[in-house]
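Residue numbers (the numbering used here): 9 to 199.
Backbone N, C-alpha and C define an ideal beta-carbon position, used for all residues, glycine too.
No experiment lies behind these values; they were computed from the predicted model shown.
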């Protein structure tokens, strides 16, 4: 009985600590030697594994193409919403499962762990997007109402925004920023 109680306490306390936060900006994921192992996109939800004074050990879990070792990690298989992009310093992928999509592309559910500065993490998803929300309103609302993030599938936003980029006077960087804004709000279900 005592062992059961101790096990329950350990499980409960570890699940209390594990929490999710969001990236306030695009940031580098670092290994223990401070080498860059990936880039995490703004607004990505990360799981906090351990918290230290100025940084946290985080995990990003998602889906990647099977045949690309230095690849992007996407939110869901078949939906290319980029959460992180690995580089040549990235550790070997930890693989959970594989799936084949409708186009016979093989996807791997995998994760990467590394360190992020605590100043780049927040619980407040909405506050991350104040600038992008104002920018979308400024550039888009002259022609039409700003689409609700839930009005389209996340994978539709790149072509949707691209089709309006010239008329809205968007630079490639601004276009990419708006795509990330609408996709992240779509996948995380935030208004």
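- The beta carbon of residue 113 sits closer than 7 Å to the beta carbons of 73 from its chain, once the five residues preceding and following it are set aside; these are given in chain order.
- In this structure, 122 is the residue among 116, 28, 122 and 178 with its C-alpha nearest to the C-alpha of residue 36.
- According to the DSSP secondary-structure assignment, residue 55 is paired through a beta bridge with 28 and 67.
- Residue pairing by DSSP puts residue 73 in a beta bridge opposite 115.
- Exclusion of the five residues before and after residue 183 leaves 169, 170 and 173 as the residues of its chain whose Cβ lies within less than 7 Å of its Cβ.
- Non-local beta-carbon contacts of residue 163 in its own chain, meaning distances under 6 Å to residues more than five positions away in sequence, involve 87 in chain order.
- Per DSSP, reduced to three states, the secondary structure at residue 39 is coil, with no helix or strand assignment.
- Contact between residue 45 and residue 118 does not hold, since their C-beta atoms are separated by about 14 Å, which reaches or exceeds 8 Å.
- With fewer than 16 other beta carbons inside 10 angstroms of its own, residue 103 counts as exposed.
- One alpha carbon belongs to residue 132, the other to residue 159, and they sit about 23 Å apart.
- The C-alpha of residue 165 lies about 7 Å from the C-alpha of residue 190.
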